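A.B. asks: Following this message is one structure expressed as structure tokens.
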Amino acid sequence: MENRTYTADAEPGESVTVAGWVHELRDLGGIAFLILRDTTGKIQIKFEKDEMDDELVETGLGVARESVISVTGDVDEEPRAPTGVEITPDSVEVVAEADTELPLDPSGKVDAELSTRLDNRTLDLRKEEVQAIFTIRAEIQHAARETFRDLDCTEINTPKIVATGTEGGTELFPITYFGEEAFMNQSPQLFKQLIAGSNVERVFEIGPIFRAEEHNTPRHLNEATSIDFEGAFCDHHEAMDVAEAVVTAAYEAVNENCEDELEALGLAEEFEVPTGDFPRLSYEEAIERINATGELDEQLLWGDDLPTEGEVALGEDVGEHYFITDWPSEIKPFYIMDQDDDEQLSTGFDLMHPRMELVSGGQREHRYDHLIEGFEQQGLDPEAFDYYTKMFKYGMPPHAGFGLGGERLVMTLLGLDNIREGVLFPRDRQRLSP
Ligand code: ATP
Ligand code: AMO
Numbered sequence: 001m002e003n004r005t006y007t008a009d010a011e012p013g014e015s016v017t018v019a020g021w022v023h024e025l026r027d028l029g030g031i032a033f034l035i036l037r038d039t040t041g042k043i044q045i046k047f048e049k050d051e052m053d054d055e056l057v058e059t060g061l062g063v064a065r066e067s068v069i070s071v072t073g074d075v076d077e078e079p080r081a082p083t084g085v086e087i088t089p090d091s092v093e094v095v096a097e098a099d100t101e102l103p104l105d106p107s108g109k110v111d112a113e114l115s116t117r118l119d120n121r122t123l124d125l126r127k128e129e130v131q132a133i134f135t136i137r138a139e140i141q142h143a144a145r146e147t148f149r150d151l152d153c154t155e156i157n158t159p160k161i162v163a164t165g166t167e168g169g170t171e172l173f174p175i176t177y178f179g180e181e182a183f184m185n186q187s188p189q190l191f192k193q194l195i196a197g198s199n200v201e202r203v204f205e206i207g208p209i210f211r212a213e214e215h216n217t218p219r220h221l222n223e224a225t226s227i228d229f230e231g232a233f234c235d236h237h238e239a240m241d242v243a244e245a246v247v248t249a250a251y252e253a254v255n256e257n258c259e260d261e262l263e264a265l266g267l268a269e270e271f272e273v274p275t276g277d278f279p280r281l282s283y284e285e286a287i288e289r290i291n292a293t294g295e296l297d298e299q300l301l302w303g304d305d306l307p308t309e310g311e312v313a314l315g316e317d318v319g320e321h322y323f324i325t326d327w328p329s330e331i332k333p334f335y336i337m338d339q340d341d342d343e344q345l346s347t348g349f350d351l352m353h354p355r356m357e358l359v360s361g362g363q364r365e366h367r368y369d370h371l372i373e374g375f376e377q378q379g380l381d382p383e384a385f386d387y388y389t390k391m392f393k394y395g396m397p398p399h400a401g402f403g404l405g406g407e408r409l410v411m412t413l414l415g416l417d418n419i420r421e422g423v424l425f426p427r428d429r430q431r432l433s434p
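First residue of the sequence shown? That's 1 in UniProt numbering, and the numbers climb one at a time after it.
Shown next, in the form of structure tokens:
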């Protein structure tokens, strides 16, 4: 919009045109105030009824909350105004009128259920604390990109329509691709490996993954954002270092650049940046510590996957981010390499936040014969993966990587109760639109 001034830039002594939403109307009789909100903040517009043109007063004070208006007038200092300045209007234009009945109250005075908020995201995002989540989410992705670039990684984009699944534990969404069966990708896993095997060597991707999880939990989505890394000539220890660096950089960036947003979320006081030297526990130690908490009805045995209550109990016990390493090979996917000296143990690792898993990764099986054996052991048909396995015959270096759940990082960093709060338009069992 031509000649528009953001409310935050309106200086006393200037004549400006501001545009935004009607946040609040306060009619005190002889004087009335309209609070106009834009992306930079809010400003008070003063209507002195006896001294102003009737039509101007009627337009300004007759407009429904959340309507879009444009106001031209003089800016003056006013210590009693919420931001210390106010505008005395010469003209008010109603740009887009809002209904008087709103499905939710953007001023936040009336609480709304999460489902109402998600059904009306545009209105919901007019709340400062909701917008703060997405500003912080963007900052986290920016920090991840910067960290990967500092580590000489190339950003890649892999296909989301694929021929095979990779992550055994979760279901696939099937689609029809010109009459052929295809799926929405569960992970860029195989593609990022194929690129790390070229001399691009180190890659990262921030992109969607699709998982037909049947269960509806506060920490699962059916469409999530995966922050993936893959590096040639890397082992699982180096991949863990990279995961640690990305998570720590996200906290540091939010701490440095999102002071106002943390304030809006009531987190400014308590926000802590992790030290970046996360303890590394073996799987065996992890199950022993979980068993010792006495929180589970049944003791975990070697080979069991960690149940949610186990993760929570261990998280409380450890009290900070930590890795779990040395997982049994049989519960890690086919592409994870076994350890050299003990093939019962894998090079797979998880990075945990005290509340939940954030990352899975490991060193990959790059030896063609072992890879084919791995498929067979997991009951998969290697033929179906020919597009992937054949590249392992033409010089595939050792490589390692990980996938970090983007929304899990936002959720744990901000202490959100529900992962959906950190997604603009979440997909879950009940939610396909908006
Ligand atoms: P004043 O002479 O103090 O500007 P007024 O006589 O024009 O006020 P009132 O109707 O008496 O208007 O004011 C109602 C309330 O609004 C008072 O509590 C007053 O302090 C407050 N008020 C007046 N002007 C402003 C302003 N520009 N910003 C914020 N509050 C104001
Ligand atoms: P995994 O299946 O463990 O590993 O996924 C990696 C991380 O992605 C996040 N995540 C999810 N977040 C929200 N909703 C979901 N349904 C969901 N599923 C997964 C979690 C998880 O830790 N290919 C491997 C990674 C690798 O080895 O590089 C993989 O996908 O935070």
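For every residue, glycine included, the Cβ atom is placed at its ideal position computed from N, Cα and C.
Treat the numbers as computed from the prediction; the structure is a model and nothing was measured.
(1) How would you label residue 198, buried or exposed, when you count the other beta carbons within 10 angstroms and need 16 or more for buried?
(2) Thinking just about the alpha-carbon of each residue, which of 222, 421 and 350 is nearest to the one in residue 278?
(3) By DSSP, does residue 112 sit in helix, in strand, or in coil?
(4) Between residue 378 and residue 108, what straight-line distance do the alpha-carbon atoms span, to the nearest angstrom?
(5) What are the uninterrupted segments assigned as beta strand (DSSP E) that are 3 or more residues long and contained completely in the stretch 159–191, given in chain order?
(6) Within the stretch 224–299, note down every full beta strand (DSSP E) run reaching 3 residues or more, in order along the chain.
(7) Is the closest heavy atom of ligand 2 to the C-beta of residue 312 under 7 Å?
(8) DSSP beta-bridge partners for residue 323?
(9) Would the C-beta of residue 424 count as close to ligand 2, meaning under 7 Å from any of its heavy atoms?
(10) Can we say the stretch 381–389 touches the stretch 211–221, given the rule of at least three CB pairs closer than 8 Å?
(11) Residue 150 lies in the alpha helix (DSSP H); which residues open and close that run?
(12) Might you give, ordered along the chain, the residues of its own chain that have their beta carbon closer than 6 Å to the beta carbon of residue 194, omitting 5 neighbours on each side?
(13) Could you work out which residue in 400, 328 and 18 is closest to residue 363 when comparing CA atoms only?
(14) Between residue 96 and ligand 2, is the CB less than 7 Å from at least one heavy atom?
(15) Does the separation of the CB atoms of residue 231 and residue 223 fall below 8 Å?
(16) Could you check whether the Cβ of residue 371 sits closer than 7 Å to any heavy atom belonging to ligand 2?
(17) Check residue 423 in the structure and name its three-state DSSP category.
(18) Confirm the yes/no value for this check: CB of residue 166, any heavy atom of ligand 2, distance under 7 Å.
(19) Can you find the residues in the same chain that come closer than 6 Å, C-beta to C-beta, to residue 15, ignoring five residues on each side of it along the sequence?
(20) Count the C-beta pairs between the stretch 95–103 and the stretch 54–71 that are closer than 8 Å, then say yes if the count reaches three, no if not.
(21) Sorry if obvious, but does the Cβ on residue 189 come closer than 7 Å to a heavy atom of ligand 2?
(22) Suppose contacts are defined by Cβ-Cβ distances below 8 Å. Is residue 121 in contact with residue 424 by that definition?
(23) Taking 7 Å as the cut-off, is the CB of residue 247 close to at least one heavy atom of ligand 2?
(24) If you measure between the beta carbons of residue 334 and residue 374, is that distance less than 8 Å?
(25) If you draw a straight line from the C-alpha of residue 127 to the C-alpha of residue 274, how long is it?
(26) For residue 258, which option in 142, 320, 159 and 394 has the closest C-alpha, if you only look at C-alpha atoms?
(27) Would a C-beta distance cut-off of 8 Å place residue 156 and residue 205 closer than the cut-off?
(28) In the DSSP assignment, what residue or residues form a beta bridge with residue 21?
(29) Kindly indicate which three-state DSSP category residue 63 falls into: helix, strand or coil?
(30) Straight-line CA distance for residue 411 to residue 13?
(31) Compare the beta carbon distance of residue 144 and residue 227 with 8 Å and say whether it is the shorter of the two.
(32) Assuming contact is defined by CB atoms lying nearer than 8 Å, are residue 404 and residue 432 in contact in what I supplied?
(33) Can you tell me which of 293, 148 and 82 puts its alpha carbon nearest to the alpha carbon of residue 314?
(34) Restricting to Cα atoms, I'd like to know which of 244, 266 and 148 is closest to residue 322.
(35) Would you call the CB atoms of residue 29 and residue 47 closer than 8 Å?
(36) Is the distance from the Cβ of residue 41 to the Cβ of residue 83 below 8 Å?
C.D. replies: Taking the geometry as given:
(1) Its Cβ having fewer than 16 others within 10 Å, residue 198 is exposed.
(2) In this structure, 350 is the residue among 222, 421 and 350 with its C-alpha nearest to the C-alpha of residue 278.
(3) Three-state result, residue 112: coil.
(4) It is roughly 52 Å from the alpha-carbon of residue 378 to the alpha-carbon of residue 108.
(5) List check, beta strand (DSSP E) in window: 174–177 and 180–184.
(6) Correct list: 280–282.
(7) In this structure, ligand 2 has no non-hydrogen atom nearer than 7 Å to the beta-carbon of residue 312.
(8) Paired residue(s): 280 and 351.
(9) Ligand 2 has no heavy atom closer than 7 Å to the beta-carbon of residue 424.
(10) Taking 8 Å as the limit for Cβ pairs, the verdict is that the stretch 211–221 does not touch the stretch 381–389.
(11) According to the DSSP assignment, residue 150 belongs to the alpha helix (DSSP H) that extends over 128–150.
(12) Cβ neighbours of residue 194 beyond the five flanking positions: 391.
(13) For the residues 400, 328 and 18, the minimum Cα distance to residue 363 belongs to 400.
(14) A distance criterion of 7 Å places the beta-carbon of residue 96 beyond contact range of ligand 2, judged by its closest non-hydrogen atom.
(15) No.
(16) With a cutoff of 7 Å, residue 371 does not count as near ligand 2, since its C-beta is closer than that to no heavy atom of the ligand.
(17) Residue 423 falls in the coil class under three-state DSSP.
(18) Flag set: Cβ of residue 166 near ligand 2.
(19) Here the set comprises 74.
(20) Touching, yes, given that three or more Cβ pairs across the two stretches are closer than 8 Å.
(21) Residue side-chain check: residue 189 places its Cβ nearer than 7 Å to a non-hydrogen atom of ligand 2.
(22) Cβ atoms of residue 121 and residue 424: closer than 8 Å.
(23) Residue 247 has its CB no nearer than 7 Å to any heavy atom of ligand 2.
(24) With a cutoff of 8 Å on beta-carbon distance, residue 334 and residue 374 are scored as near each other.
(25) Note on geometry: alpha-carbon atoms of residue 127 and residue 274 lie some 29 Å from one another.
(26) For the residues 142, 320, 159 and 394, the minimum Cα distance to residue 258 belongs to 142.
(27) Against a cut-off of 8 Å, the Cβ pair of residue 205 and residue 156 comes out as a contact.
(28) According to DSSP, residue 21 bridges with 37 and 68.
(29) Residue 63: coil per DSSP, three-state reduction.
(30) Cα to Cα, residue 411 sits roughly 44 Å from residue 13.
(31) Cβ atoms of residue 144 and residue 227: closer than 8 Å.
(32) No, the pair does not count as a contact, with Cβ atoms beyond the cut-off.
(33) Nearest in C-alpha terms to residue 314, of all of 293, 148 and 82, is 293.
(34) Of the listed residues, the one whose Cα sits closest to residue 322 is 244.
(35) Judged by beta-carbon spacing, residue 47 lies beyond the 8 Å limit of residue 29, meaning their Cβ atoms are not closer than that value.
(36) Yes, these two residues count as a Cβ contact at 8 Å.
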